[in-house]
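Below is one structure, written out as structure tokens; the observations come after it.
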Amino acid sequence: MSEGQRPLRAGVVGLGMMGRNHVRVWDESIDGVQLVAVADPDPAAVERATTGRRAHGYEDPLRMFAEEELDLVSIVAPTSLHLPVTLAALGAGANVLVEKPIAATREEATSMIEAAATAGRMLTVGHIERFNPAIRELHRRLDAGELGRIFQISATRLGPFPARIRDVGVVVDLAPHDLDVMRYLVASE
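Residues in the sequence shown are numbered from 1057 upward in steps of one, following our numbering.
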């Protein structure tokens, strides 16, 4: 961060397992970012996330957006809430990192993408597997020609699957990781 430049102000909506990860990363790991607010309908989750941190806690993300000046928001709520929460965050002027899947339907995803473009804000999806060291090394080796050409690629997932994915199902919740990694490895749509 340059001298005299203020840190980016981050908020997190959704404090389940992945949301707690976002809180930790924004709060502890990224220079130039300051976690300032979190929101979740569970008061106990809000209390746990704010204890020992300088972040404000909210049970309503709309109130958080109204009261905090956020540069970026991680949306780690259930997939069924991605559309309304993303639209509200964009409307409040924040850039958005939304956990995958981006939305429950293609139409909702399109609405989110269009809203970000209209607002002049960034919207990105948390395709974290691209940053998995093993995947990055495989990508490097493929690019260097060390492993030959890929003729076929497939993915298999083994359960049990967590209850948190029941809102959209295993394919919509987990397949985006596999499809994104495949696209990344073969550098093709």
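Cβ atoms here follow ideal geometry from the backbone N, Cα and C, with glycine treated the same way.
Please list the terminal residues of the continuous beta strand (DSSP E) segment that includes His1183.
The residue labelled residue 1183 in the question sits at position 127 within the sequence shown. Where His1183 is concerned, there is no enclosing beta strand (DSSP E), given that its DSSP letter is neither H nor E.
Using a Cβ-Cβ cutoff of less than 6 Å, which residues in the same chain neighbour Asp1236 once the five nearest sequence positions on both sides are dropped?
Within the sequence shown, residue 1236 is the residue found at index 180, counting from 1. Within the same chain, Asp1236 has close Cβ partners His1183.
Would the beta-carbon of Leu1118 fall within 8 Å of that of Ala1144?
Walking along the sequence shown from the start, residue 1118 turns up at place 62. Walking along the sequence shown from the start, residue 1144 turns up at place 88. A contact, by the Cβ cut-off of 8 Å.
With DSSP run on the structure shown, which of helix, strand or coil describes Glu1124?
Counting from one through the sequence shown, the residue named residue 1124 turns up at place 68. Note: Glu1124 maps to coil in three-state DSSP.
In terms of residues, what are the limits of the alpha helix (DSSP H) holding Leu1146?
For the purposes of this step, residue 1146 is identified with residue 90 of the sequence shown, where counting begins at 1. Element bounds for Leu1146: 1138-1147.
Leaving out five residues before and five after Val1089 in sequence, what residues of the same chain have Cβ atoms less than 7 Å from its Cβ?
Here the question's residue 1089 lines up with position 33 in the sequence shown. For Val1089, where only same-chain residues beyond five positions count, the Cβ hits under 7 Å are Pro1063, Leu1064, Ala1066, Trp1082.
Suppose you measure from the CA of Arg1197 to the CA of Thr1212; what does that come to, to the nearest Å?
Against the sequence shown, residue 1197 aligns to sequence position 141. Against the sequence shown, residue 1212 aligns to sequence position 156. Between Arg1197 and Thr1212, the C-alpha separation is close to 22 Å.
By DSSP's criteria, Glu1155 is part of a beta bridge. Which residues make up the other side?
For this step, residue 1155 is matched to residue 99 along the sequence shown. The partner list for Glu1155 (beta bridge, DSSP) reads Gly1182.
Under the rule that 16 or more other beta-carbon atoms within 10 Å means buried, what is Ile1044, buried or exposed?
The question about residue 1044 has no answer, for the chain in this structure spans 1057 to 1245.
Under 8 Å between the Cβ atoms of Val1154 and Leu1179?
Counting from 1 along the sequence shown, the entry for residue 1154 is found at position 98. Counting from 1 along the sequence shown, the entry for residue 1179 is found at position 123. Yes, the Cβ-Cβ distance between Val1154 and Leu1179 is below 8 Å.
Please state the DSSP three-state secondary structure of Ile1086.
As a working note, residue 1086 is residue 30 in the sequence shown. Ile1086 falls in the coil class under three-state DSSP.
Helix or strand or just coil, what does DSSP make of Val1237?
As a working note, residue 1237 is residue 181 in the sequence shown. Three-state result, Val1237: helix.
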